[in-house]
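The sequence shown begins at 29 in this note's numbering and counts up by one.
Ideal Cβ positions, reconstructed from N, Cα and C, are used throughout, including at glycine.
Okay, so here's the structure we're looking at.
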Amino acid sequence: PSAEPAPDGSSASAIPAPAEEKGEAPAGGRPADKRSDKQGRPHGRDQRRRGKGEPREPREQRPQGPPIPCLGILDVLPDGFGFLRTSGYAQGDHDVYVSLSQIRRFGLRRGDKIEGQVREPKDNEKYSALLKIDTVNGIDPEAARRRPLFEQLTPLFPEERLRLETPEHDTAARIMDLMCPIGKGQRGLIVSPPKAGKTTILKKLANSIATNNPEIDLFVLLVDERPEEVTDMQRSVVGEVVASTFDQPSENHVQVTELVLDRVKRLVEMGNDVVVLLDSITRMARAFNLNTPASGRILSGGVDSTALYPPKKFFGAARNIEEGGSLTILATALVDTGSRMDEVIFEEFKGTGNMEIRLDRKLADKRIFPAIDIEMTGTRKEELLMDAAEAAAVWKLRGVLHSLDPAAAIELLIKKVRETKSNAEFLSALQKNSR
Numbered sequence: 029p030s031a032e033p034a035p036d037g038s039s040a041s042a043i044p045a046p047a048e049e050k051g052e053a054p055a056g057g058r059p060a061d062k063r064s065d066k067q068g069r070p071h072g073r074d075q076r077r078r079g080k081g082e083p084r085e086p087r088e089q090r091p092q093g094p095p096i097p098c099l100g101i102l103d104v105l106p107d108g109f110g111f112l113r114t115s116g117y118a119q120g121d122h123d124v125y126v127s128l129s130q131i132r133r134f135g136l137r138r139g140d141k142i143e144g145q146v147r148e149p150k151d152n153e154k155y156s157a158l159l160k161i162d163t164v165n166g167i168d169p170e171a172a173r174r175r176p177l178f179e180q181l182t183p184l185f186p187e188e189r190l191r192l193e194t195p196e197h198d199t200a201a202r203i204m205d206l207m208c209p210i211g212k213g214q215r216g217l218i219v220s221p222p223k224a225g226k227t228t229i230l231k232k233l234a235n236s237i238a239t240n241n242p243e244i245d246l247f248v249l250l251v252d253e254r255p256e257e258v259t260d261m262q263r264s265v266v267g268e269v270v271a272s273t274f275d276q277p278s279e280n281h282v283q284v285t286e287l288v289l290d291r292v293k294r295l296v297e298m299g300n301d302v303v304v305l306l307d308s309i310t311r312m313a314r315a316f317n318l319n320t321p322a323s324g325r326i327l328s329g330g331v332d333s334t335a336l337y338p339p340k341k342f343f344g345a346a347r348n349i350e351e352g353g354s355l356t357i358l359a360t361a362l363v364d365t366g367s368r369m370d371e372v373i374f375e376e377f378k379g380t381g382n383m384e385i386r387l388d389r390k391l392a393d394k395r396i397f398p399a400i401d402i403e404m405t406g407t408r409k410e411e412l413l414m415d416a417a418e419a420a421a422v423w424k425l426r427g428v429l430h431s432l433d434p435a436a437a438i439e440l441l442i443k444k445v446r447e448t449k450s451n452a453e454f455l456s457a458l459q460k461n462s463r
């Protein structure tokens with residue numbers, strides 16, 4: 029059939045179709061690409077291609093400043109990397125990231141005090157990162173790699189005594205020095221009912237140890253404690269006070285406790301003598317009981333059988349080290365609180381210590397301080413901490429006090445101690461009068 033005429037008189041079939049519609053290449057060009065984006069624009073038409081030798085455009089980055097000095101305690105997480113806790117022993121906003129490769133290269137351990145240089149976080153990072161390690165626990169990082177492991181050190185009975193008697197003639201310190209001498213590496217329990225003066229005893233112990241043995245690293249660990257008690261302890265004790273108050277979650281109690289234990293282990297590995305005063309091991313066990321996965325075996329009082337292992341591990345770390353150094357732990361344990369759980373916890377720890385101070389609520393109610401039950405207070409292997417003459421005099425003193433009731437015994441001892449200027453003078457007078 030004939031073609032329909034065009035408006036200009038020519039036939040329609042004579043008008044050639046545009047090359048773009050047929051998919052053919054326009055004159056001097058490549059075939060057109062029919063692909064397009066969602067907006068209908070041909071794909072790649074509005075994107076300029078980078079030439080072969082042309083450099084990439086740099087991404088816009090936050091300008092990096094000079095390295096910043098940093099000091100913190102290393103906390104290693106289960107995944108292998110860690111953080112420097114720079115604001116105490118708990119997690120904070122200014123912690124510093126430490127990579128797994130750095131931990132492996134320098135043989136770093138949880139609880140190490142690390143001093144180094146850090147860089148500011150990049151755009152997509154939350155924490156600063158450790159760039160360079162200057163010292164580990166105050167020594168060269170390479171020297172720190174040759175440290176022994178705490179678990180491989182040899183434990184011994186305490187042999188070197190920590191004198192509690194001070195020039196201030198504190199009565200409580202002198203009585204404890206007589207009835208329950210403390211040595212380096214002692215593992216002691218201060219068993220106390222509520223309102224019997226255990227916090228006062230702890231403060232007197234801390235001040236006596238700091239006065240007579242300034243070379244000792246002293247830690248006071250307060251778990252689940254009242255905030256005002258923490259402030260009072262910080263102001264009255266010369267030492268490092270680490271606290272997790274009762275308004276913090278149990279996870280925080282556990283983290284702080286574990287990191288403090290690792291910190292003191294690292295110090296003992298360096299050959300240092302360390303003393304930890306813990307208040308209290310009962311509340312520590314309660315925190316682990318809340319935070320430990322249920323094992324299905326529940327003891328009386330609602331205590332999970334696996335929840336008592338971490339507090340025992342903490343308390344059992346106290347030891348005198350044959351290779352040098354010692355770790356002394358004196359912990360308070362609560363009794364007569366009306367809680368069956370507290371009684372179960374105390375019974376579990378009852379035979380684990382080698383020194384015990386027993387406080388009596390009845391004595392405290394009579395306003396007798398220190399409210400120490402002389403008959404129930406004592407130290408295992410105390411003859412290793414005393415010379416023969418002192419041991420004989422103390423045993424003779426115990427024989428005299430044993431015949432009296434607890435209130436009369438402590439009142440007599442307080443009176444005789446206050447009449448003399450020192451324990452040596454008191455024991456000497458006792459020996460003379462007994463002849």
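Practice problem: Tell me where the beta strand (DSSP E) around Y125 begins and ends. | Solution: Secondary structure note for Y125: its beta strand (DSSP E) is the uninterrupted segment V124 to V126.
Quiz item: Does the separation of the CB atoms of L250 and V269 fall below 8 Å?
Solution: It is a contact, given that the beta carbons lie within the stated cut-off.
Quiz item: Secondary structure at R294, three-state DSSP: helix, strand or coil?
Solution: R294 falls in the helix class under three-state DSSP.
Quiz item: Hey, quick one: how far does the beta strand (DSSP E) through T3 stretch, first residue to last?
Solution: With the chain covering 29 to 463 only, the question about residue 3 has no answer from this structure.
Quiz item: DSSP on S328, reduced to helix/strand/coil?
Solution: The answer is coil: DSSP assigns S328 none of H, G, I, E or B.
Quiz item: Leaving out the 5 sequence neighbours to the left and right, which residues in its chain are closer than 7 Å to R446 when beta-carbon positions are compared?
Solution: Contacts found: T199.
Practice problem: Could you name the residues that DSSP lists as bridge partners for S220? | Solution: Answer is L362, bridged to S220.
Quiz item: Can you tell me whether DSSP reads G110 as helix, strand or coil?
Solution: Of the three classes helix, strand and coil, the one that applies to G110 here is strand, per DSSP.
Self-check item: DSSP-derived helix/strand/coil call for A215
Solution: The question names Ala, yet the displayed sequence has Arg at residue 215. Three-state DSSP puts R215 in a strand.
Quiz item: In its own chain, which residues sit with a C-beta less than 7 Å from the C-beta of F496, not counting the 5 before and 5 after it?
Solution: One cannot answer for residue 496 here, as it falls past the ends of the chain, which runs 29 to 463.
Exercise. Starting from S156, trace the beta strand (DSSP E) both ways and give me its first and last residue.
Key: Run containing S156: S156 to V164, per the beta strand (DSSP E) assignment.
Self-check item: First and last residue of the uninterrupted alpha helix (DSSP H) at T227
Solution: Residues K226 to N240.
Exercise. Under 7 Å Cβ to Cβ from L327, same chain only, skipping five residues before and after it: list those, please.
Key: Counting only residues of its own chain and dropping the five nearest sequence neighbours on each side, L327 has a CB closer than 7 Å to the CB of S333 and V372.
Quiz prompt | Start-end ranges of the alpha helix (DSSP H) lying completely within the segment 384-436, minimum 4 residues | solution = Every alpha helix (DSSP H) stretch that sits fully inside the segment 384-436 and reaches 4 residues is listed by chain position as 389-393 and 416-430.
Quiz item: Q145 bridges to which residues according to DSSP?
Solution: Looking at the DSSP output, Q145 shares a beta bridge with P97 and K160.
Quiz item: Looking at the structure shown, is N280 part of a helix, part of a strand, or coil, going by DSSP?
Solution: In the structure shown, N280 sits in a helix (DSSP, three-state: H, G or I).
Practice problem: Tell me, to the nearest whole angstrom, how far the beta carbon of Q459 is from that of A416; I am working on the premise that it is less than 8 Å. | Solution: Not a contact, Cβ separation roughly 12 Å.
Exercise. List the whole-angstrom C-beta distance separating A345 from L355, where the pair is believed to meet the contact cut-off of C-beta under 8 Å.
Key: The pair is a contact, with the Cβ atoms about 6 Å apart (cut-off 8 Å).
Quiz item: Whose C-alpha, out of R132, L128, D151 and I167, is nearest the C-alpha of G144?
Solution: Checked all of R132, L128, D151 and I167; the closest Cα to G144 is I167.
Practice problem: May I ask you to list the residues that DSSP assigns as paired with I349? | Solution: Paired residues: P183.
Quiz item: Cα separation between T285 and M312?
Solution: The straight-line gap from Cα to Cα measures roughly 8 Å.
Quiz item: Out of N165, P222, P195 and D260, which has the shortest C-alpha to C-alpha gap to N240?
Solution: Each of N165, P222, P195 and D260 was checked against the Cα of N240, and the nearest Cα belongs to P195.
Quiz prompt | P186 to R386 span [Cα, whole Å] | solution = Approximately 20 Å between the Cα atoms of the pair.
Quiz prompt | Local conformation of R191 per DSSP, three classes | solution = Here DSSP, grouped into helix, strand and coil, assigns R191 to coil.
Quiz item: Assuming A224 contacts V265 under a Cβ cut-off of 8 Å, what Cβ separation, rounded to an integer in Å, is found between them?
Solution: About 20 Å separates the two Cβ atoms, so there is no contact after all.
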